[in-house]
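This report refers to the structure that appears directly beneath it.
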Amino acid sequence: MTTDDHLVFPPGRYGRQRAARRTPRTVVALAAAALLVIMTFIGVRLFQSYGKQDYSASVTRFTTAENAVNVEFVVRLPEGGRAACVVRARNEEGAEIGRAVVEVAAGADPTSTVATYRLTTEGRPVTGEVERCSPAETVR
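Okay, here's the thing in structure tokens:
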């Protein structure tokens, strides 16, 4: 067999051979650009919905007792605003054993207003947490 000979398969045995097709580079570039635009749009929308919020809280400390938990948390809210924060406690199994809505008014520095709340529970808590904060008139 020489280099000029072509390999010939028996007819009908392996199906027809297809010609290799390449996707043009412009199509690949346009698809990548479209994907980038779509992902940027989704990212912006998610940030607008869940990003830096006017009302947010983070727990700085909690202490547990037999039937209560003291939760100290920092609330970020607009100047002159009031927040309603949902404070809850959980037991060892992760079940919620106490919940309360706590209203917090803006302090001297609205970006870091410190609040403390004692939550009575229906059992021994292992953690205290702030589930969410929102404008005072929206949470009940």
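For what it's worth, the working numbering labels the leading residue of the sequence shown as 5, then goes sequentially. Note that the Cβ used here is the ideal one computed from N, Cα and C, for glycine as well. All of these numbers come straight from a predicted model, not from anything done at the bench.
CB contact flag (R86, R103, <8 Å): no
Note down the Cα distance separating S60 from L40, rounded to an integer number of angstroms. 31 Å
I'd like to check one pair, E76 with T68: are the Cβ atoms closer than 8 Å? no
Bridge partners - P139, DSSP secondary structure assignment: A87
Roughly how many angstroms lie between the CA atoms of V105 and E133, to the nearest whole one? 12 Å
Supposed close pair V90, E135 - CB separation, criterion 8 Å: 4 Å
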